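Each residue of the sequence shown is one higher than the one before, counting from 1 in full-length UniProt numbering.
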Amino acid sequence: SISNELTGGKGTNGDPVKGRLCVKDNLKKITEECNDVDVLIIVTSLNGGTSCGASPAISEFVRAATNCFTIAVVAFPSCTKNILQMNKAIKALENLEKNVDFIVLSHDIKAHKNLPQNQLLEKGALCFLSPFLETSTSLEKMKAHLAKDRFGVLGVGAITNPSKLACKKNLSKNLMTVPTRYAERVIITCSKKDCSQKDIEGIRKSMSKDLNPRTQKIKWRFFDNEYSDKRTLVTYLATAIKRKPSIVMKQMKRSSVCSFI
Numbered sequence: 001s002i003s004n005e006l007t008g009g010k011g012t013n014g015d016p017v018k019g020r021l022c023v024k025d026n027l028k029k030i031t032e033e034c035n036d037v038d039v040l041i042i043v044t045s046l047n048g049g050t051s052c053g054a055s056p057a058i059s060e061f062v063r064a065a066t067n068c069f070t071i072a073v074v075a076f077p078s079c080t081k082n083i084l085q086m087n088k089a090i091k092a093l094e095n096l097e098k099n100v101d102f103i104v105l106s107h108d109i110k111a112h113k114n115l116p117q118n119q120l121l122e123k124g125a126l127c128f129l130s131p132f133l134e135t136s137t138s139l140e141k142m143k144a145h146l147a148k149d150r151f152g153v154l155g156v157g158a159i160t161n162p163s164k165l166a167c168k169k170n171l172s173k174n175l176m177t178v179p180t181r182y183a184e185r186v187i188i189t190c191s192k193k194d195c196s197q198k199d200i201e202g203i204r205k206s207m208s209k210d211l212n213p214r215t216q217k218i219k220w221r222f223f224d225n226e227y228s229d230k231r232t233l234v235t236y237l238a239t240a241i242k243r244k245p246s247i248v249m250k251q252m253k254r255s256s257v258c259s260f261i
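See below:
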């Protein structure tokens with residue numbers, strides 16, 4: 001929550017320092033809420049002062065207090081014309097990278113127009129963790145699985161048309177914007193009703209020309225349609241990215257960032 005003393009309850013006006021101070025001001029309450037937590041999932045959009053300052057602070061303080069396994073699902077701003085906003089987001093991303101066990105970079109306003117941003121991130125995190133939630137996987141096994149990488153890129157799409165043709169088209173074109181040239185593993189999760197084996201092979205073939213030569217075989221995981229709220233929800237996760245997301249963002253031209261995420 002935003003402290004009345006610090007900001008009058010009106011946000012931080014784009015100041016990450018105030019965002020961090022707001023976390024400190026509510027630190028006791030936050031740590032009490034997370035007292036018995038084994039896994040902390042921070043879902044955030046690095047668009048302004050509150051998120052850019054508060055998200056790294058929460059991961060830092062809670063992780064130190066509880067020693068929990070920390071995953072950050074981060075939306076990076078896709079409006080690349082605002083240099084100041086991009087610089088703040090990159091700085092916040094650097095701070096998050098220091099204080100989480102696994103970080104997933106996702107879309108922002110580039111997300112599917114029929115799925116609000118908060119739902120996109122929440123459902124993306126849910127689908128990312130679905131292989132662990134659906135089984136009796138222990139925390140240690142999950143840690144071991146994610147220990148292979150530290151960074152990932154998550155793509156999420158909601159398809160309102162239930163036809164297989166529409167689903168196949170969206171999977172093969174609109175949703176496959178993942179930077180496969182940087183990834184060494186590509187994992188795709190989708191509803192059991194989405195794709196036939198023929199569809200999967202077609203998508204695999206269409207992606208192959210952009211894949212990193214070192215990329216391992218594309219893996220598919222299927223889940224029940226209950227997650228998608230009457231929409232077909234598809235996610236993919238490219239992992240084993242050698243360079244930190246913040247470094248990649250700095251090196252790329254601003255006009256290329258949208259295509260990267």
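The beta-carbon is built from N, C-alpha and C at its ideal position, and this holds for glycine as well.
It should be emphasised that the depicted structure is a prediction, and the values quoted were computed from it without experimental measurement.
Between Ser45 and the set Val74, Val62 and Asp36, the nearest pair of CA atoms involves Val74.
As computed with DSSP, Phe69 is found in a beta bridge with Val39.
A direct Cα-to-Cα measurement between Asn47 and Gln85 gives close to 7 Å. Looking at the DSSP output, Ser45 shares a beta bridge with Ala75. If you ignore the 5 residues before and after Ala54, its C-beta comes within less than 7 Å of the C-beta of Gly19, Arg20, Cys22 and Val23, all in its own chain and listed in chain order.
Here DSSP, grouped into helix, strand and coil, assigns Val100 to coil. In this model, Asp36 and Ile30 are separated by some 12 Å (Cα to Cα).
Within the same chain, Cβ atoms closer than 7 Å to the Cβ of Val17 are found at Gly53, the five residues on either side in sequence being excluded. Its Cα nearest to that of Asp25, the residue Ala57 stands out among Ala57, Gly14, Ile247 and Ala92.
Between Leu96 and Ser59 a beta carbon distance of about 6 Å is seen, short of the 8 Å cut, so the two are scored as contacting. In chain order, Ser246 place their CB closer than 6 Å to the CB of Glu94, counting only its own chain and leaving out the 5 sequence neighbours on each side. Closest by C-alpha distance to Lys141, out of Val39, Asn99 and Thr66, is Val39.
CA-CA distance, Asn99 to Arg63, rounds to 8 Å.
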